[in-house]
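Just so it is clear: in the sequence shown, position 74 is 74 by UniProt numbering, and no numbers are missing.
Cβ coordinates follow ideal geometry from the N, Cα and C atoms, glycine included.
Note that the coordinates shown come from a computational prediction; the quantities given were computed from them, not determined experimentally.
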Amino acid sequence: MLGWFSAFRENGAPTSYGEQRTPVLLDTQIFGLVCLFAIPSLAFLIILPGVRHTKAISSLVFLSAMAIGTVLIVGLHYPTWHVASGFIDCPYKAFSKEKIRARIDVRIGLRHANISLCTHLLDRNLSGLVYNERFDISEVHLMEREMTRALTKGLPYPILKVVEYLSLERCGFHWGKQYRVAGHYTSAFLWLATSFWMFSMILLCLSPSHFASTFLWTGILILTATGAYVANVPQTMGIRFPSSDGSIQLVFSLGHSFYASFFAGTVSVALSLFLMLLRSLWDYELDTVFTARRKICRNWIPDKSLKSHRRRKISVYDVSRLY
């Protein structure tokens, strides 16, 4: 008979729950970072129909800035800067003749690497194994500790082989060191670009006429970060595995985070130059401290209706208020 405290107990033993074998299906950290930028963007789209003037340019600038900010923050945490994948046929564990047909994916980021293994074993009793492991590569001795942890945990042989390649730093194997150097400099430039992005968003609210110049530096720093990554990342990284066709080599290539960052930097520079060009077409001065709607032109035109030939001011709409 079940009582208040007898659920999930067997023969009066302490409460026991079954083992959770579900792999990681959603990166909650990345999901939270995306929501951090998606919610303000959605709020802006909701209030956009109530804006009477300059809807197009306002939407273009704000949504572009939010998208670039999303790419910046997600790129710092999402491990898809250098990726490789392929189908392999290899033993599941050491000293075993049983081979598995599996897909292995290696995704390397700026501070950590993700290795996933989705298996389709020949033995039906072992089918459906999915592994998704994260390894820290941000410091010198962390990879050796990660290798020890992986051996203690009893991870499959293909994952151990990739971790071993990344942890070696002798006999010409310096891939782990190159990834750390690339991640260090790229992270530094991206965090600096993030600080400029935050400052440009503040100027967008307080003094829009200075937004373009600050946003230009954001794009330049993003492009510098991508250049630093390409210059330091391993160029000949390859890991060979047996396969049904004989052998397969995991060849690494630049991933989505790199191309997204490069595209974001290019868009940031192009948008800033466009806004600076647009601003240069109008000669204006700020009429108040923050976001005045009407500006005073520097040029003075004679008022012919007055005998004293006094100059009259021409009020023009400042292009800076558009963004």
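Helix, strand or coil at residue i [DSSP, three-state]
i: Y78; result: coil
i: E169; result: coil
i: A84; result: strand
i: Q235; result: coil
i: L155; result: coil
i: V289; result: Note that V289 scores a pLDDT of 41, beneath 50, so its modelled location is shaky; the value from the coordinates is reported in the next line. Correct three-state label for V289: coil.
With 16 other Cβ atoms within 10 Å as the buried cut-off, status of residue i
i: P208; result: buried
i: L216; result: buried
i: G238; result: exposed
i: E146; result: buried
i: T159; result: Sequence check: residue 159 is Ile here, not Thr. Buried, because 16 or more other Cβ atoms sit within 10 Å of the Cβ of I159.
i: T119; result: buried
i: S189; result: Note on identity: in this sequence residue 189 is Phe, with Ser being the wrong assignment. Buried, because 16 or more other Cβ atoms sit within 10 Å of the Cβ of F189.
i: D318; result: Because D318 carries a pLDDT of 39, less than 50, the predicted location of this residue cannot be relied on, and the following value inherits that uncertainty. Its Cβ being crowded by 16 or more others within 10 Å, D318 is buried.
i: V61; result: buried
i: V162; result: buried
i: A102; result: buried
i: G75; result: buried
i: E98; result: exposed
i: E285; result: For E285, the predicted model reports a pLDDT of 40, less than 50, meaning its position is unreliable and no value from the coordinates is stated.
i: A182; result: buried
i: A264; result: buried
i: F274; result: exposed
i: I115; result: buried
i: V140; result: exposed
i: A231; result: exposed
i: I104; result: buried
i: L206; result: exposed
i: F173; result: exposed
Residue range of the unbroken beta strand (DSSP E) whose run includes residue i
i: R103; result: 99-108
i: P242; result: 238-243
i: Y131; result: 130-136
Cβ distance (whole Å) where residue i is taken to contact residue j below 8 Å
i: P79; j: G109; result: 3 Å
i: residue 348; j: A84; result: The first residue shown for the chain is 1 and the last is 323, placing residue 348 beyond what the model contains.
i: T186; j: A225; result: 5 Å
i: P91; j: M66; result: With 8 Å as the limit, P91 and M66 do not qualify as a contact, their Cβ atoms being about 48 Å apart.
i: Y157; j: A94; result: 6 Å
i: S280; j: G219; result: With 8 Å as the limit, S280 and G219 do not qualify as a contact, their Cβ atoms being about 18 Å apart.
i: residue 324; j: I248; result: Examination of residue 324 is not possible in this model, given that the chain is present from 1 through 323 alone.
i: I137; j: Y165; result: Contact doesn't hold; Cβ gap of about 12 Å is too wide.
i: V34; j: A260; result: Actually they do not touch by this definition, with Cβ atoms about 12 Å apart.
i: I68; j: S268; result: 5 Å
i: L155; j: E133; result: 6 Å
i: L250; j: H82; result: Actually they are not in contact, since the Cβ atoms of L250 and H82 sit about 11 Å apart, beyond 8 Å.
i: L221; j: F262; result: Not a contact, Cβ separation roughly 13 Å.
i: S243; j: I100; result: The Cβ separation is near 11 Å, so there is no contact.
Boundaries (first-last residue) of the alpha helix (DSSP H) holding residue i
i: Q178; result: 175-206
i: P40; result: 28-47
i: V267; result: 256-280
i: A94; result: Run containing A94: none; DSSP gives neither H nor E here.
i: E139; result: First-last for E139: undefined, no H or E at that position.
Cross-strand partners of residue i (DSSP beta bridge)
i: N114; result: R107, R134
i: T119; result: A102
i: L250; result: I239
Closer than 7 Å: residue i CB and nearest the ligand NAP heavy atom
i: R240; result: Questions concerning the ligand NAP fall outside what the structure shown contains, since it holds no ligand whatsoever.
Closer than 8 Å to chain D by CB, residue i
i: S243; result: As a matter of chain content, chain D is missing from the structure shown, which is built from one protein chain.
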